[in-house]
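Read in order, the letters of the sequence shown are residues 1 to 556 in full-length UniProt numbering. The C-beta atom is built at its ideal place from N, Cα and C for all residues, glycine as well. In this text the structure is predicted, and so the values were computed from the model without any measurement.
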Amino acid sequence: MSSPSDCICLKLGRHLSTLRNQGPDSKHCLDLYRNHEGKYSKLNSLLLLLTFFIIAGQRSSSLLTDTGIFSTLAQILKGNPSCAVKAAQVIAQIAKNEEMKKPCIDAGLVLALVPLLESTDQEMLLHAGRAIGRICYENSKYSIYFFLLNSITFRCENIQNNAIIIHTEIAKEALSKTKVAEHLVKQLRRTENHQRIETIIEVLQLLAENGKGSLILTTRLLSRENTSIVATVNTPGCKVGFRCAFRLLFIYCITDESMQKMFANGCGIIYQKVGTWLASNHPQLQLTGALAVANFARNDGNCVRMVQLGVVLQLLDLLEQHMDNGDVSVQHAALSALRNLAIPVANKVQMLEEGVAERIQMLLRSEMAPVQFKLLGTLRMLIDGQADTAEMLGQDPLLINRLVQWCDAQEHAGVRGEANRLLASLLRHSRSQEVVKAIQQAQGVKHLVSMTTSEHVIMQNEALIALAIASAINLGILPPPKLVQSLHKLLQDECTGPEVKYNSMGLLCSLLNSEDNIKETLEKLCSHSNANVVKQAVMTLQILRDESQNTGFVSP
1 MSSPSDCICL KLGRHLSTLR NQGPDSKHCL DLYRNHEGKY SKLNSLLLLL TFFIIAGQRS
61 SSLLTDTGIF STLAQILKGN PSCAVKAAQV IAQIAKNEEM KKPCIDAGLV LALVPLLEST
121 DQEMLLHAGR AIGRICYENS KYSIYFFLLN SITFRCENIQ NNAIIIHTEI AKEALSKTKV
181 AEHLVKQLRR TENHQRIETI IEVLQLLAEN GKGSLILTTR LLSRENTSIV ATVNTPGCKV
241 GFRCAFRLLF IYCITDESMQ KMFANGCGII YQKVGTWLAS NHPQLQLTGA LAVANFARND
301 GNCVRMVQLG VVLQLLDLLE QHMDNGDVSV QHAALSALRN LAIPVANKVQ MLEEGVAERI
361 QMLLRSEMAP VQFKLLGTLR MLIDGQADTA EMLGQDPLLI NRLVQWCDAQ EHAGVRGEAN
421 RLLASLLRHS RSQEVVKAIQ QAQGVKHLVS MTTSEHVIMQ NEALIALAIA SAINLGILPP
481 PKLVQSLHKL LQDECTGPEV KYNSMGLLCS LLNSEDNIKE TLEKLCSHSN ANVVKQAVMT
541 LQILRDESQN TGFVSP
């Protein structure tokens, strides 16, 4: 005895077979389902029933295969607007099944669905877009994406509150070659709906994430009418749109080529907005300006040009605005920009003359780890090769004590590492006895000794060189037992790199040289009665003399 569901399924199959057997092009076929008022209510009911069966998964695959419903659905989409919504809904459900996607494509359902995207009916747009998306998803081998390009471009010109976001790489690249971005930006400038703004920007983000698309988008959007993309979302209650706009702006900077187009030697329309953003009273615009500078500062040429244009003072003023109860994100971004700007040697002197080192030290009292991390990195970059500045900062008790405190920052490894590196840099670049004394008095030497066993080779080398310089300048500064033990371990370890071994041996020689009367004692041993002692004393003296003449270390 058949179950009720089997009976319903059997009757549904007969109806679908009737549609097929009458021929998809036969108007009489569809007229069978028209009521006395001329409406296709029966056909809609049939499609609704089919949707339920597909959702329930009750023999739907075999039912569809046996009846050949796909061509009939295409006919309904093309010739029966009143039933097209339900037909699109059926197709969207069918396309959930991976095996059903190819029959949908073969029957031309994608091409039949595309014109429906011109509809203003929200339900139609929902089901048609969903059906197209499910059929197209991960089916690039059928080359169906390209059928959609012109239609989607046209839809973007008339977009209301919806957008189709295609997540596949091939689609993003293909769309980036069309005028979709231009239409979306025009729509962005016209709309005041925050949800719509967010949707449009999310689509633009997806397009820009394609490497080629980034350059194409940048070229197209570099017209004066489109440079207010950030200002478009400068309205209360639109924080989400703001964040999207920022991400979009920097996605345009993904490739060096597109970034250079936006900078244009400081004359680019986007870069010219930076000063306005930095001087704004709106924290989000200030953040945008600081992050823009940090992104443009990716090569020496841009860095030098921006310093010449006076961006450093603007960044310093911005930091001071956010000193007390300020925005941590703005502080972090401004310090990132200053650090990048300080990389070229040509910029260091000018930035120091503009008071960067002194003015950013006000952030030493910050308790926010991200700000501490960027502050330390910026100071370290500024004193690189600048002996006078390193000597001045190395004698500042507030700075040294704060550094020693952060060298023990167990809760943030980045801050701890940068504090140790800055401590070593002060010794390396100043080579000052006063700096050595200041660090010794603050009990910072032990941190440099610990730094020699860091997992990072660059930090090991920096510590070894700093300690060697300190031992040569100030006798008796080092705690020999722990340090010698660490050096011995480095020399024994086969995994230790050649630069680290070289600098370890250099430090050992410095330690020997720092001992009182060691040379005088060795000279006396050169006349010892034992030939082996004499030989060893002569060799040791020669090593020490060579070391005293050769101050070269392998720099990291």
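Three or more pairs of CB atoms, one per stretch, sit closer than 8 angstroms, so the stretch 431-446 contacts the stretch 390-407. Here DSSP, grouped into helix, strand and coil, assigns C267 to coil. I270 counts as buried, since at least 16 other C-beta atoms from the protein chains shown sit within 10 angstroms of its C-beta. Looking from the CA of N302, the closest CA among L464, F263, R134 belongs to F263.
Remark: C-beta atoms of G377 and S432 do not approach each other more closely than 8 angstroms. Its chain contains A92, A95, K96, K101 as the residues whose beta carbon lies nearer than 8 angstroms to that of R134, once the 5 sequence neighbours on both sides are disregarded; these appear in chain order. Taking A337 as reference, the option from T191, Q361, L375, S71 with the minimal CA-CA separation is L375. Inter-residue distance for E462 and R380 is about 12 angstroms (C-alpha atoms, whole angstroms). In this structure R428 is buried. Its beta-carbon is surrounded by 16 or more other beta-carbon atoms within 10 angstroms. DSSP places A294 in the uninterrupted alpha helix (DSSP H) bounded by 283-296. Here the alpha carbon of H456 sits roughly 23 angstroms from the alpha carbon of A390. Residue burial annotation: Q331 is buried, with at least 16 other C-beta atoms found within 10 angstroms of its C-beta.
For I465 and I197, the gap between their C-alpha atoms comes out near 55 angstroms. A check of alpha carbon separations from I132 across T120, Q122, L116 identifies L116 as the nearest.
No Cβ-Cβ contact shorter than 8 angstroms links L541 with L507. Per DSSP, the unbroken alpha helix (DSSP H) holding R402 starts and ends at 397-406.
Secondary structure of D324 (DSSP, three-state): coil.
When the beta-carbon positions are compared, A424 and M451 come within less than 8 angstroms of each other. For T496, the closest of V484, S82, I458, C526 by C-alpha to C-alpha distance is I458. L483 and S329 have their C-alpha atoms roughly 40 angstroms apart. Beyond the five residues adjoining it in sequence on each side, I469 comes within less than 7 angstroms, by CB distance, of L427, R428, R431 in the same chain, given in chain order.
If you draw a straight line from the Cα of R298 to the Cα of L113, it comes to about 46 angstroms.
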